[in-house]
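This report concerns only the one structure given below.
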Amino acid sequence: MTSPSQTPKTLRIHGPIISSSDVERHIALFAAFGLEEIGRLERTAPETSEIWGTQDQESLEVTLQTPGTQFGVRLIQFSPGTDFQIRNPARGSDSNALKVIDFYAPDLDAAMAEIEKSGFRFKAEVADYDTPEGRFREAHLWGPDGVVCALISGDPDRFESLATVRDRLVSEPQSISGPVQDQEPTLSFLEDVFGLTVIHRYGLDDESFDALVGSADSMKLRAWNVGTKTSEPYFGIINYGLPAGSQTSVFETARPPARG
Numbered sequence: 053m054t055s056p057s058q059t060p061k062t063l064r065i066h067g068p069i070i071s072s073s074d075v076e077r078h079i080a081l082f083a084a085f086g087l088e089e090i091g092r093l094e095r096t097a098p099e100t101s102e103i104w105g106t107q108d109q110e111s112l113e114v115t116l117q118t119p120g121t122q123f124g125v126r127l128i129q130f131s132p133g134t135d136f137q138i139r140n141p142a143r144g145s146d147s148n149a150l151k152v153i154d155f156y157a158p159d160l161d162a163a164m165a166e167i168e169k170s171g172f173r174f175k176a177e178v179a180d181y182d183t184p185e186g187r188f189r190e191a192h193l194w195g196p197d198g199v200v201c202a203l204i205s206g207d208p209d210r211f212e213s214l215a216t217v218r219d220r221l222v223s224e225p226q227s228i229s230g231p232v233q234d235q236e237p238t239l240s241f242l243e244d245v246f247g248l249t250v251i252h253r254y255g256l257d258d259e260s261f262d263a264l265v266g267s268a269d270s271m272k273l274r275a276w277n278v279g280t281k282t283s284e285p286y287f288g289i290i291n292y293g294l295p296a297g298s299q300t301s302v303f304e305t306a307r308p309p310a311r312g
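Following this note's numbering, the numbering of the sequence shown begins with 53 at its first residue and continues without gaps.
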């Protein structure tokens, strides 16, 4: 916790960190989204333990970035690794851990088709929903180690304030979002520890989004985007509004070296 004389401040969020069982598979995935490798670093077991709290595991860290930006993805491969994966595609509503990396796609269909040429497949369900800010379409791809990438499209004018790269197949990683059962502790943590506050809110209630997530129950989604500004990567804290007891929490297992 910080004292009254200490005000935490985050200057920039680079993007998500992924625990990978095979960094080359994730490099191939994100290459399809336009990211390039800009560096890699090997860490000893003591160095890895100091950062991640693991025991007797070395690590390889690879940094990917969207060209022309300071935003991207970091991959961590622990050695020895683990067979445990945080997220299960059969349970899309699992809560209390980050889940989705969002990208803006000016032309959703073209982006999906181009990315699938790399051998990765989007879910057949595509959400098409209205919000007070306009109509959006959204598609999800479940990649290696249960990492979910989303493409979101809508009125280009709306995305002028929501993405830095808007003239390519897809943008930089726009946000890192995850469902929670109670948003208040997470919002407080992000503000107290990192100085990050809510920069945008939205909600939706749509059957096509229920199908995209794979929920048999109707969701009344509410979301709080937390970061430095909406045009750079931020955290999306999402409450699906599902009945109590209908979600599985992965909080206790979503930690290194678990994959995802």
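No residue lacks a Cβ here, since even glycine has one placed at the ideal position from N, Cα and C.
Predicted model, so just to flag it, every value in this text is computed and none were measured.
Would you decide whether residue 128 is buried or exposed? Buried here means 16 or more other CB atoms lie within 10 Å of its CB.
Residue numbering aside, residue 128 sits at position 76 when the sequence shown is read from its first letter. Note on residue 128: 16 or more other CB atoms within 10 angstroms of its CB, so buried under the neighbour-count rule.
For the region 97-167, which segments carrying the alpha helix (DSSP H) assignment without a break, of at least 4 residues, lie completely within its bounds, in sequence order?
Secondary structure in the region 97-167: the alpha helix (DSSP H) runs of 4 residues or longer, each lying completely within the stretch, are 97-104 in chain order.
Out of 192, 171, 204, 210, which one is the CA nearest neighbour of residue 185?
By one-based count along the sequence shown, residue 185 stands at place 133. Out of 192, 171, 204, 210, 210 has the C-alpha closest to the C-alpha of residue 185.
Going along the chain, which unbroken runs of the beta strand (DSSP E) with 3 or more residues stay wholly within the region 236-270?
249-256
Would residue 272 be called buried (16 or more neighbouring beta carbons within 10 Å of its own) or exposed?
By 1-based counting over the sequence shown, the position of residue 272 is 220. The residue in question, residue 272, is exposed, as its Cβ has fewer than 16 Cβ neighbours within 10 Å.
Any idea what DSSP makes of residue 53, helix, strand or coil?
Taking the first residue of the sequence shown as 1, we reach residue 53 at position 1. Below a pLDDT of 50, predicted positions are generally treated as unreliable, and residue 53, at 47, falls in that range; the measurement from the model is reported next regardless. Here residue 53 sits in coil by DSSP.
Using only alpha-carbon positions, find the residue among 172, 90, 247 that is nearest to residue 199.
By 1-based counting over the sequence shown, the position of residue 199 is 147. Answer by Cα proximity: 172.
Cβ distance (whole Å) where residue 223 is taken to contact residue 155 below 8 Å
Here residue 223 refers to the residue found at position 171 of the sequence shown. Here residue 155 refers to the residue found at position 103 of the sequence shown. Contact holds; Cβ gap of about 5 Å.
Assigned secondary structure, residue 231 (DSSP; H/G/I helix, E/B strand, else coil)
Counting from one through the sequence shown, the residue named residue 231 turns up at place 179. Of the three classes helix, strand and coil, the one that applies to residue 231 here is strand, per DSSP.
Cβ-Cβ distance between residue 18 and residue 187 below 8 Å
Not covered by the structure: residue 18. The range shown for the chain is 53 to 312.
Looking at C-alpha atoms only, which residue of 192, 276, 284 is the closest neighbour of residue 165?
Stepping through the sequence shown from its first residue, residue 165 is reached at position 113. Residue 165 has its Cα closest to that of 192, out of 192, 276, 284.
Here's the rule I'm using: 16 or more other beta-carbon atoms within 10 Å means buried, otherwise exposed. How should residue 98 be labelled?
On the sequence shown, position 46 is the one that residue 98 refers to. Exposed is the call here.
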